[in-house]
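Each residue of the sequence shown is one higher than the one before, counting from 12 in our numbering.
For each residue, glycine too, the CB sits at the ideal point set by N, CA and C.
Just so you know, these numbers come straight off a predicted model, no measurement behind them.
The structure appears below as structure tokens.
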Amino acid sequence: MSETANPFESLQSQIDEAAAYLDIGDDVIERLKHPERVLETNLTVELDDGSLERFKAFRSQFNGDRGPYKGGIRYHPQVSRDEVKALSGWMTYKTAIVDIPLGGGKGGIIIDPDDYSESELERITRAFAKELTPMIGEDRDIPAPDVNTGQREMNWIKDTYETLENTTEPGVITGKDLNSGGSEGRVEATGRSTVIAAREAFDYLDKDLQGATVAVQGYGNAGWIAAKLIDEMGATVVAASDSSGGIYNPDGFDPVAAKEHKNETGSVVGFHDAEAEITNEDVLTLDVDLLIPAALENAIDGDLAEDVQADVISEAANGPLTPEADAVLADEDVFVVPDILANAGGVTVSYFEWVQNRQRFYWSEERVNEELENIIVDGFDALVEALEANALDNPRTATYVVAIQRVADAYEEAGSFP
Ligand code: NAD
12 MSETANPFES LQSQIDEAAA YLDIGDDVIE RLKHPERVLE TNLTVELDDG SLERFKAFRS
72 QFNGDRGPYK GGIRYHPQVS RDEVKALSGW MTYKTAIVDI PLGGGKGGII IDPDDYSESE
132 LERITRAFAK ELTPMIGEDR DIPAPDVNTG QREMNWIKDT YETLENTTEP GVITGKDLNS
192 GGSEGRVEAT GRSTVIAARE AFDYLDKDLQ GATVAVQGYG NAGWIAAKLI DEMGATVVAA
252 SDSSGGIYNP DGFDPVAAKE HKNETGSVVG FHDAEAEITN EDVLTLDVDL LIPAALENAI
312 DGDLAEDVQA DVISEAANGP LTPEADAVLA DEDVFVVPDI LANAGGVTVS YFEWVQNRQR
372 FYWSEERVNE ELENIIVDGF DALVEALEAN ALDNPRTATY VVAIQRVADA YEEAGSFP
């Protein structure tokens, strides 16, 4: 891993880069670089032994010009105000590039959830939900799971909100499981958009996806589903990694069998069909046609980027390239489909979930996948149009050009109050 870029500064530099190609006033750009508001709250919660502990928590509502704020809530010791602000900004431009009527938000608590019992986590989550209640709602701000949170935490938030508001409102939260109003296709959505975006990039570059070699960094929900689906499209997955290390077989391996091995042993390492065990760094610099980073932020810095040999990168993870890495790869003509488009399947199917909750009418998995396919292809087409119209060499900048324009248009058309 690498130097850590301040994520909020990374977001702002991405916006500045795109702003140079837009006919939008500096005053409006300034608005689009900062959250509208950030809740910072101290939760005082009783632990099982009767003592009290203070937890710092945040919710950033970055931009609501295109619709209710939307974004997850993470529990992690490294959560910070700047990280939450940055993630809420990326959500704003993610919902804009895929053109769904939502804004951007994000929240988090500074906590290592492994250090607390389930009943402590419930009290901590409900204390946060009480703070969130005045600012969330299906037409205001719609949280979802993120790092170290899932269905359980979302149920506690939803129940606290519905109790305090004396209502039933399944659309206040997305990422619910099917029995609680979740959507078909949500689990696979992020990996699915990552490979649809990759397929479109290959098509645009006139490269054949059949037999193309693929390396996947991170074999969790996003990474392993991407590996499975790209294999089904005819590409050959040759390498994968997780936090314990990497595996490599130049002839390819079965991604489903590798996942079964990970389920049984906790890691892809030791998978019988891989010839070699390699480091995480090796996975990122292999001579492959497509690289899918699906682990953490800042996985590739400027130095490592010099050694990347892939022709196309489809970013399943959020922020896997530092700004320096992005510049190096653009110089070397590596086609990077940026996170805000490549991994937008998650928020897109969350949007479908919200639509279904509001209609109280549920779609088939086929319909979900078909609508997702259309949305990601449209997003990619908009990227290409901006890339060509502005003679850009960096697809990320082109994506921000489209997304920022859409948010600015919504703001300017609405006018400002007061
Ligand atoms: P996950 O926890 O299911 O999987 C993460 C994987 O990364 C695990 O296999 C873990 O072992 C691996 N990993 C951790 N450190 C690593 C390292 N140093 N090298 C290689 N592998 C490492 O998480 P996920 O839901 O798959 O999310 C992965 C990324 O995708 C994150 O950046 C997340 O923000 C992003 N993302 C996920 C979704 C979603 O719907 N799941 C949506 C949008 C973005």
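query, result
"Neighbour-count burial assignment, VAL299, 16 or more Cβ in a 10 Å radius", "buried"
"Delimiting residues of the alpha helix (DSSP H) encompassing SER130", "129–143"
"PRO429 to ILE35 span [Cα, whole Å]", "21 Å"
"Simplified DSSP state of SER71, which is helix, strand or coil", "strand"
"Every unbroken alpha helix (DSSP H) within the region 142–205, with a cutoff of 4 residues, ordered by chain", "162–176"
"Beta-carbon proximity check, GLU384 vs ILE108, cutoff 8 Å", "no"
"Contact set for ALA155: own chain, Cβ-Cβ below 6 Å, skip 5 residues either direction", "GLY83, THR185, GLY186 and SER361"
"Chain-order list of residues whose beta-carbon lies under 6 Å from that of ASP76 (same chain, five-residue window excluded)", "VAL418, ALA421 and TYR422"
"Exposure of ASN329, with buried meaning 16 or more beta-carbon neighbours within 10 Å", "buried"
"Rounded C-alpha distance that separates LEU295 from ILE311", "8 Å"
"Residues of its chain near ASP284, where Cβ-Cβ distance is below 7 Å and the 5 sequence neighbours each way are ignored", "ASN260, PHE264, ASP265 and ALA268"
"Length of the line joining the Cα atoms of TYR373 and VAL379", "10 Å"
"Cβ pair VAL348, ILE386 closer than 8 Å", "no"
"ASN232 beta carbon near the ligand NAD (any heavy atom closer than 7 Å)", "yes"
"Alpha-carbon to alpha-carbon, VAL339 and SER13", "Legend: pLDDT at SER13 = 42, less than 50; position of this residue unreliable, no value from coordinates given."
"The region 197–213 touching the region 161–170, judged by at least three CB pairs closer than 8 Å", "no"
"Own chain partners of ALA414 with C-beta closer than 6 Å, once the 5 adjacent residues on each side are dropped", "TYR104, ALA107 and ILE108"
"Environment of ASP337 [buried if 16+ CB atoms lie within 10 Å]", "buried"
"Bounding residues of the alpha helix (DSSP H) (the contiguous stretch that carries ALA409)", "406–425"
"Range of the contiguous beta strand (DSSP E) that encloses GLU288", "287–289"
"Outcome for THR178 when other beta-carbon atoms lying within 10 angstroms are tallied against a minimum of 16", "exposed"
"PRO304 versus ASP157, ALA250 and TYR32, residue with shortest Cα-Cα distance", "ALA250"
"Proximity to GLU381 [Cα-Cα], best of ASN405, GLY356 and ASP392", "GLY356"
"Length of the line joining the Cα atoms of ASP188 and ILE153", "16 Å"
"Contact the region 216–235 vs the region 393–412: 3+ CB pairs below 8 Å", "no"
"Cutoff 7 Å; reference ASN17; Cβ partners in own chain excluding five residues on either side", "ASP93"
"C-alpha distance - SER375 paired with GLU195, whole-angstrom precision", "7 Å"
"Any 3 or more C-beta pairs closer than 8 Å across the region 239–248 and the region 314–321", "no"
"Beta bridge counterpart(s) of ASP253 as assigned by DSSP", "GLY256"
"Selected residue, minimal CA-CA separation from ASP59, among GLU47, GLU133, PRO88 and PHE69", "GLU133"
"heavy atom of the ligand NAD below 7 Å from ALA226 C-beta", "no"
"Minimum Cβ-Cβ distance from ASN74 to chain C less than 8 Å", "Of the chains in the structure shown, none is chain C; there is only one protein chain."
"Terminal residues of the beta strand (DSSP E) in which PRO266 lies", "From DSSP, PRO266 is part of no beta strand (DSSP E) but of the alpha helix (DSSP H) over 266–276."
"Contiguous alpha helix (DSSP H) assignments of at least 4 residues, all confined to the region 54–109", "92–108"
"Pairwise C-alpha distance: ARG210 and ILE258", "24 Å"
"Range covered by the beta strand (DSSP E) that runs through THR224", "224–228"
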